[in-house]
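Asker: Under numbering that gives the first Met the number 0, the first residue of the sequence shown is numbered 0, with each subsequent residue one higher. Structure incoming, see below.
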Amino acid sequence: MLVQPLPEGVGLGAVQPDLLSGMLLSREWLAQIPGRTMAAVQTVMVEHPLDDAPAALALAQRWLGGGTVVASLMGHGHSLAVTKFKLRDDGFERMLVLMPPGTTETRAGRVAQRLLELEIYRLMALRGLPVAKSLAAPLAEAEQALADVTARLEGHQDSEQVLLDTLISVAAKVERATAASMYRFSATEAYDGLVRQRITELREKAIPGTQTLGEFMQRRLSPAMATVAATAQRLNALSARIERASSLLRTRVDIATEQQNQQLLAKLTRGQELQLNLQSTVEGLSIAAISYYVISLVLYGGKAAKAAGLPLNPEMLAGASIPLVLWAVWKATQRVHARLHGSSGGHKGPQP
């Protein structure tokens, strides 16, 4: 903020260019200062009686070059602020403040600070509007893509992997937009709150037929703030919808996995049943084979005994031993099964 005193005795009766001749900073100076210029306001504070506010406003309006202005009586009539809230060709806004004669420098400085902060905070709040507008198309595209994914989830036409890849792509875009814009949106909300606070502190009083500074701010700022708030809400809502779609996809994957597990268990069960049937068949064949060899041994033993002079019929002996051999082999097989099942069930201590 650069403060320069006006020439002695200067008032509103002077022609506006003469009033600030040789005092205003140039456009070149504004372009050469370091950093980024957020607000450039030329605030002129002139002593002038405020007993007749409409007459004072007419003089101020002429000094500002005519046209539509906004004006407010501030406090209990201790000052009158008049401006157009428009950038001039030199890159500056211009604001005129009329104060009664005898106004202290402290009060004048306080009024100037509040007015300048009001304009600065307004412009800072508006920085979120271009960001919100730039997100309109990407958000619409993401919403449409998410709607397509949800419809495809319902249709069961695409695989889970394809749907997951699409959903991850949409989620990444939304998260990137959220990370890039939420700081600016939060700052916009904070600056909007400061603007409202400064308007309240001005304690404005309207002049008939003229819009106040606060009314102008709210009419111009409220739509922009609503756009920013709506965009932030769309981002949050889109993130929530993506989360719900992810839950649906996870549910679908879990159900598909459960079905696959059930099918696998069914195959294993059928395989075990087949294995048991095959094992039973093999056991039956084994009993027959073992019995055959045992009976053959009995037959050869009978033949040997007959050759030794014993009164035996080998064939009758072998035939008579068949039931006994079959029973003995079957019993031995059952004992082997019992031992195997007992060992697989865990180690058992010695029986008393």
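Beta carbons are placed, not taken as given, at the ideal position from N, Cα and C, and that holds for glycine.
Going straight from the alpha carbon of LYS83 to that of ARG93, what length do you get?
Answerer: When rounded, the distance between both Cα atoms is 7 Å.
Asker: Give the DSSP-derived three-state secondary structure of ALA156 in the structure shown.
Answerer: What sits at residue 156 in the sequence shown is Gln, not Ala. Coil, per DSSP.
Asker: Quick one: what does DSSP say GLU116 is sitting in, helix, strand or coil?
Answerer: Of the three classes helix, strand and coil, the one that applies to GLU116 here is helix, per DSSP.
Asker: Are the CB atoms of THR177 and VAL227 within a distance shorter than 8 Å?
Answerer: Contact: no.
Asker: Expressed to the nearest angstrom, what Euclidean distance is found between the alpha-carbon atoms of MET37 and GLN210?
Answerer: Their Cα atoms are separated by approximately 25 Å.
Asker: Considering only C-alpha positions, which residue in the set TYR190, SER285 and ASP89 is nearest to THR117?
Answerer: Looking at the sequence itself, residue 117 is Leu, so the reference to Thr does not match. Answer by Cα proximity: TYR190.
Asker: So what does ARG93 bridge to, in DSSP terms?
Answerer: DSSP lists GLN41 as partners of ARG93.
Asker: Restricting to Cα atoms, I'd like to know which of LEU212, SER180, GLY208 and PRO207 is closest to THR199.
Answerer: If we check each option's Cα against that of THR199, LEU212 comes out closest.
Asker: With a Cβ-Cβ cutoff of 8 Å, do TYR120 and VAL69 count as a contact?
Answerer: No, the Cβ-Cβ distance between TYR120 and VAL69 is not below 8 Å.
Asker: Extract the residue ranges of the beta strand (DSSP E) inside the region 46 to 81, only unbroken runs of 3 or more that lie entirely within it.
Answerer: Complete beta strand (DSSP E) runs here, min 3: 69 to 73.
Asker: Can you look up VAL14 in the DSSP assignment and give me helix, strand or coil?
Answerer: The predicted model places VAL14 with a pLDDT of 49, which falls under 50 and marks its position as unreliable, so this point remains unresolved.
Asker: Please classify ALA239: is it buried, with 16 or more other beta-carbons within 10 angstroms of its beta-carbon, or exposed?
Answerer: By the neighbour-count rule (16 or more Cβ atoms within 10 Å), ALA239 is not buried but exposed.
Asker: Just curious, the alpha helix (DSSP H) that GLU242 is in, first and last residue?
Answerer: It spans 212 to 306 - the alpha helix (DSSP H) in which GLU242 sits, taken as one unbroken run.
Asker: What's the C-alpha gap between ALA179 and LYS172?
Answerer: Taking the straight line from one Cα to the other gives about 11 Å.
Asker: Going straight from the alpha carbon of ASN260 to that of GLY192, what length do you get?
Answerer: Computed Cα separation, rounded: 57 Å.
Asker: Between ASP89, ALA337 and THR250, which lies nearest to LEU162 when the distance is taken from Cα to Cα?
Answerer: LEU162 has its Cα closest to that of THR250, out of ASP89, ALA337 and THR250.
Asker: Rounded to a whole number of angstroms, what is the C-alpha to C-alpha distance between GLY270 and GLU282?
Answerer: Each residue's alpha carbon lies about 18 Å from the other.
Asker: If we ignore side chains and look at the alpha-carbon of each, how far apart do ARG126 and ALA55 end up?
Answerer: Answer to the nearest angstrom: the Cα atoms are 34 Å apart.
Asker: Determine the burial state of TRP62: buried for a count of at least 16 other Cβ atoms within 10 Å of its Cβ, exposed for fewer.
Answerer: It is buried - the Cβ of TRP62 has at least 16 other Cβ atoms within 10 Å.
Asker: Give a yes or no on contact between the region 217 to 234 and the region 154 to 170, applying the rule of three or more CB pairs nearer than 8 Å.
Answerer: Segments in contact, no.
Asker: In the DSSP assignment, find the unbroken alpha helix (DSSP H) run with LEU86 in it and report its ends.
Answerer: Segment: none, LEU86 is in no alpha helix (DSSP H) and carries neither H nor E.
Asker: Since LEU79 contacts LEU58 with CB under 8 Å, what's their CB separation in whole angstroms?
Answerer: With 8 Å as the limit, LEU79 and LEU58 do not qualify as a contact, their Cβ atoms being about 10 Å apart.
Asker: Smallest Cα separation from PHE355: which of ARG334, VAL130, VAL324 and SER285?
Answerer: A question about residue 355 goes unanswered here, because the residues of the chain that appear run from 0 up to 351.
Asker: Check for me: the alpha helix (DSSP H) holding GLY101 runs from which residue to which?
Answerer: Run containing GLY101: none; DSSP gives neither H nor E here.
Asker: Suppose you measure from the CA of ALA52 to the CA of ILE206; what does that come to, to the nearest Å?
Answerer: Going from the Cα of ALA52 to the Cα of ILE206 covers about 7 Å.
Asker: Might you give, ordered along the chain, the residues of its own chain that have their beta carbon closer than 8 Å to the beta carbon of ALA361, omitting 5 neighbours on each side?
Answerer: Limits of the chain in this structure are 0 at one end and 351 at the other, which puts residue 361 out of reach.
Asker: Please give me, in chain order, every unbroken run of the beta strand (DSSP E) with length at least 3 that falls completely inside the region 155 to 190.
Answerer: Counting whole runs of 3 or more residues, the region 155 to 190 contains no beta strand (DSSP E) stretch at all.
Asker: Just list the residues that DSSP pairs LYS204 with in beta bridges.
Answerer: Paired residue(s): LEU72.
Asker: How about GLN41: is its C-beta nearer than 8 Å to some C-beta of chain C?
Answerer: In the displayed structure, chain C is absent; only one protein chain is listed.
Asker: Can you have a look at HIS353 and say buried or exposed, based on whether 16 or more other CB atoms are within 10 angstroms of its CB?
Answerer: Summary: the structure shown does not reach residue 353, with the chain confined to residues 0 through 351, and so no result is reported for it.
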